[in-house]
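Counting in this note's numbering, the sequence shown runs from 9 upward without gaps. No residue lacks a Cβ here, since even glycine has one placed at the ideal position from N, Cα and C.
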Amino acid sequence: MDSTLIWARDIQDGYVQGRITEIGSTEYEVQPLNSKLPKRNCMPEDIFPSCELPSDHDDNCELLFLNEATLLDNIRNRYYKDKIYTYVAHILIAVNPYKEINGLYSQETLKRYSGRSIGELPPHVYAIADKAIRDMRVLKMSQSIIVSGESGAGKTESTKYLLKFLCDTSAAAGPIEQKILDANPILEAFGNAKTTRNNNSSRFGKFIEVHYDRRCQVVGGHISHYLLEKSRICTQSPDERNYHVFYLLCAGAPPALREKLGLTRPDDYRYLAGCTQYFTRPQTEARVPEAYKSRVHQTKGPLRDPVLDDFEDFRQLDEALGRLGLSETERVQIYSLVAAVLHLGNIRFEENPEDTKGGCRITNDSEASLIVTARLIGLDASELRQALMSRVMTSKGGGVKGTVIMVLLKVHEANNARDALAKALYSKLFDHIVRLINQNIPFQASSYYIGVLDIAGFEYFTVNSFEQFCINYCNEKLQKFFNDNILAAEQVLYAREGLNVREIKYTDNQDIIDLIEAKANGIFNLLDEESKLPRPSYSHFTSEVHSAWNGHYRLSLPRASRLKTHRSLRDDEGFLIRHFAGAVCYNTNQFIEKNNDALHASLEGLVQESENALLNALFSAGKPGSPPNVGKLSFISVGSKFKSQLSELLEKLRNNGTNFIRCIKPNNRMTDHSFEGGLALAQLKYSGTNSVLELMEYGYPSRVPFTELYNMYSNYLPPELARLQPRTFCEAMLHSLQLNSNDFKFGITKVFFRPGKFVEFDRIMRSDPENLKSIVAKVKRWMVRSRWTKSIRATLCAIKIKNRIIYRNKCIVLLQKTIRGYLVRKQHLVRLRGIGKVKAIEANLSKMHNIAGQLRSADRDNMQERIRTVQTLIEQAIAMIRANPNISGATIDQQYDNIMRRFDEDMKLINVKLQEQRNAEEQERLNKIKQALEAEQRRKEEEERRQREEEETRKKKAEMEARRKEEELRRIRQEDEDRKAALALQAQLEKEAQEDIQYRQQLEQERRDHELAVRLAQESNGQVEESPPSLRKYDYPLICFPFHSQHHIILTN
């Protein structure tokens, strides 16, 4: 029907190209260009216009049609050409290629990007790093680079190349720079692991600061780390590995070190049961002896990854630790603790049949592991055995207070104690290594720094626990920061600078953050309160969460999940949170243990007495003599610590300039040249990139203050232009170069450019001298023309000003008259009010004179004399107020009070005498009443007759009035009913409109949840029981859809 190309929504590819074949009342029928794909019916909001030719643009803002379909298509086309970087304004999109691209990160490439503006060269991670350095120099402000994305999207590799550029922009790295770069292989060895989605997944977050002096030379650095995944130390999912360092030791340690540490093959250790294969390259596979390889490795062969090689990586790790200043003995101490964790995991427990109290014992085949573990951590084997099988408690009642009691542990309690010790050993070792790195890259005179944030991306698995909850909470906070600093702040800037740019709507996730971190009933707070109970229970905690947030849209029961696996959870076993990226179902059965994984007192006291100097230092970091366990009520939970660390991190980010790199995972198989459009589109959506693209469609991402723009080119200008004011210079240059007026706008303090247009302007300004001469001539002509225009406008303005002066003179006279009157009234207001108060008494005095006239002659003459006295006082007070212009309010009030006191006394006396007179008159009246009774009786009879007649008349009138009122009430009720019906109809229409808006918003959320569930089901071979609900079908009277050809399709019923 229509030959125009369009993009139609597709669950697998994100969008497919096709043409509209039929237009329905509410849907379009679309035929994809790929004949293998069937026809489909699409809603109008799922269709976007398409370009005729394949797109390949460095900046997505340069696309002809700015929408999510063309954005996805441009990224996909560039990905297949090995162009993995793309801009959306100044935000870099990086797609993981899962292979090495020749020359992409070479030293020559690094030098080429040094000092170049964004847009001059193709997009690159080096361009973002260079922008951060230049912004730091120009703005005199520290900078941050936020690297975000899903696990496996390439955040760790992007961070490495950022640090490489920041530490080495011109020549070989110096000692400080090399130590900062050496931190990466060390942190990756101890903090990264293979998962099903990423071979080199960072299982902790880090914020690496590179500090500079005033000359922008590197002077040191600092690393902050967040939320190491401790549970991985003891258990891993199938096909996932423990931390790399365990495999590096097993594969690359020299024979002497292996013998000292008692190392064998990976499949001999329970803590490496998830995956026992090494990462090796063909050239290093042969160098690893067969005796070092697991049976699975020998059968299936090694794991392959472009950047991982366990054998070679151990050598690099050892060299990096050496360059940090660690001696061979200190390095061996670190390796010993790593090996001790492996041997500790091989200690197993069984029920002790000789113990009647239900205790346990170490199995016979674990004795060797116990002895090796004790030797490596510098403890006596018998003391370690006792600490693993029992715990010491201090009694608080039921006997002598403070009595020490030894409690034997059951098998599962001993297993938990062993795993807790392993987690504590490794996590404290990791903290120690980070401290060592920071001590070796200190900074004394730092002026600014550039921080690179690499933290785990949004995670969702078949089983999601406390680690995923914390990671996704962190991503919610970062998404909120992105919304506030990129979307909201950008629009606020446009409004402040007076640019008329359309407001862009985006989803605010503050309600999810409140759900998690609210002080009163947030999930973190409820978890901490549950942990402080004598017998905490995960089921009680889960029930409290559902009770506290009952009816909240973002929180649901597990049965609301679209994934069949999650629906098997009971209501008290988990909860579902609708994150900005999609719904995630959390299993809460280990939330309490993971939120507080402290050692019990026996183990902590034992390791503090270790003969191993390193281990003793790790567990003696607190104050000497302080008790190892301070009780449940004062513990600092993992969640609370992470929340405070995250608040500090966000405060740093708010105070810095910010740059964003959005890493995109092209497929779940971790293979090169494979692009899953649906997966990439979901990541682009929940990263906010689509909203930025919509903002940039109408926005101006490049902006420069007038003064800075003038300073940039002052050295290139001839004297006649160098004398111009900065704003005048900017106006003259941009207008005279005949640039499209839509490509730039002048704000109040800055000039704004459309995407890519500032680079065009910069290229013209730095061109050859001959071209500069023609530019100068154009500027001069524009300035002459501009001056004549300004002269004409000035003349017109002078005439307008003259007329305005005349008008203002009239207004000033009126204003003067009003103000003078106000000042006079203000000056005499107290006197006027005083006279008014006194005259008010005079009015009451005339009333009192009338009352006194009711008295008999003797009393009447006496009271009238007293009234005349009060009248005299009033006249004297008024005369005094009028005569004294400076009289105070207090004096007037005193005069007023004296007169009122005399007035009240006279009034009381009159009332007394009048009462006496009335009593005498009453007695006389009673006598007359007796005589009048008979006459009254006759009068009453006559009156009764007359009243009967009047009553009859009154009844008739009342009946007529009642009928009239009834008619009036009936009319009023009818009017009220009509008015209520009209209001109800209007309210119903407004409610239906609001419900429709809410339904569409929830529909978008449901669609995201469904897509996320589909992706997770594909990865875990699960099932999704229901499809996302379609929109409610309305009869649209008129639908208009724009196309590239500027024509519109009109739909009518």
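Neighbourhood of residue i by C-beta, 8 Å cutoff - its chain only, sequence neighbours within 5 removed
{"i": "residue 1066", "result": "Examination of residue 1066 is not possible in this model, given that the chain is present from 9 through 1061 alone."}
{"i": "residue 323", "result": "260"}
{"i": "residue 71", "result": "59, 63, 65, 78, 79 and 82"}
{"i": "residue 510", "result": "706"}
{"i": "residue 518", "result": "488"}
Three-way DSSP call (helix, strand, coil) for residue i in this model
{"i": "residue 583", "result": "strand"}
{"i": "residue 974", "result": "helix"}
{"i": "residue 15", "result": "strand"}
{"i": "residue 133", "result": "helix"}
{"i": "residue 528", "result": "coil"}
{"i": "residue 458", "result": "strand"}
{"i": "residue 1009", "result": "helix"}
{"i": "residue 854", "result": "helix"}
{"i": "residue 260", "result": "helix"}
{"i": "residue 111", "result": "coil"}
{"i": "residue 94", "result": "strand"}
{"i": "residue 653", "result": "helix"}
{"i": "residue 101", "result": "strand"}
{"i": "residue 662", "result": "helix"}
{"i": "residue 502", "result": "helix"}
{"i": "residue 512", "result": "coil"}
{"i": "residue 1128", "result": "Outside the modelled stretch of the chain, which goes from 9 to 1061, sits residue 1128, for which no answer is possible."}
{"i": "residue 247", "result": "coil"}
{"i": "residue 752", "result": "strand"}
Which listed residue (the options) has its alpha carbon closest to that of residue i
{"i": "residue 866", "options": "908, 836, 918 and 909", "result": "918"}
{"i": "residue 36", "options": "44, 20, 22 and 14", "result": "14"}
{"i": "residue 413", "options": "377, 399, 134 and 390", "result": "399"}
{"i": "residue 651", "options": "617, 514, 680 and 477", "result": "477"}
{"i": "residue 550", "options": "253, 583 and 928", "result": "583"}
{"i": "residue 3", "options": "923, 890 and 842", "result": "The question about residue 3 has no answer here: the residues shown for the chain are numbered 9 through 1061."}
{"i": "residue 397", "options": "386, 383, 372 and 426", "result": "426"}
{"i": "residue 892", "options": "842, 881 and 931", "result": "842"}
{"i": "residue 520", "options": "513, 530 and 749", "result": "530"}
{"i": "residue 141", "options": "803, 455 and 944", "result": "455"}
{"i": "residue 7", "options": "347, 401, 363 and 366", "result": "Because the chain here runs from 9 to 1061, residue 7 falls outside it and cannot be looked at."}
{"i": "residue 102", "options": "110, 109 and 93", "result": "93"}
Buried or exposed (CB count within 10 angstroms, at least 16 for buried), residue i
{"i": "residue 970", "result": "exposed"}
{"i": "residue 88", "result": "exposed"}
{"i": "residue 557", "result": "buried"}
{"i": "residue 730", "result": "exposed"}
{"i": "residue 162", "result": "buried"}
{"i": "residue 431", "result": "buried"}
{"i": "residue 844", "result": "exposed"}
{"i": "residue 832", "result": "exposed"}
{"i": "residue 164", "result": "buried"}
{"i": "residue 284", "result": "buried"}
{"i": "residue 553", "result": "buried"}
{"i": "residue 871", "result": "buried"}
{"i": "residue 566", "result": "buried"}
7 Å Cβ shell around residue i - same chain, five flanking residues per side excluded
{"i": "residue 185", "result": "175, 176 and 226"}
{"i": "residue 875", "result": "853, 856, 857, 860 and 914"}
{"i": "residue 560", "result": "523"}
Near the ligand NAD: residue i beta-carbon under 6 Å from a heavy atom
{"i": "residue 203", "result": "For the ligand NAD, the structure offers nothing, since it holds no ligand at all."}
6 Å Cβ shell around residue i - same chain, five flanking residues per side excluded
{"i": "residue 152", "result": "459, 661, 664 and 666"}
{"i": "residue 736", "result": "none"}
CB contact check: residue i to chain D, cutoff 7 Å
{"i": "residue 359", "result": "As a matter of chain content, chain D is missing from the structure shown, which is built from one protein chain."}
Residue ranges of each alpha helix (DSSP H) within the stretch 215-243, 4 or longer: 239-242
Every unbroken beta strand (DSSP E) within the stretch 915-997, with a cutoff of 3 residues, ordered by chain: none
3 or more residues per run - each beta strand (DSSP E) lying fully within the stretch 430-479: 456-462
Contiguous beta strand (DSSP E) assignments of at least 3 residues, all confined to the stretch 296-371: 357-359 and 368-370
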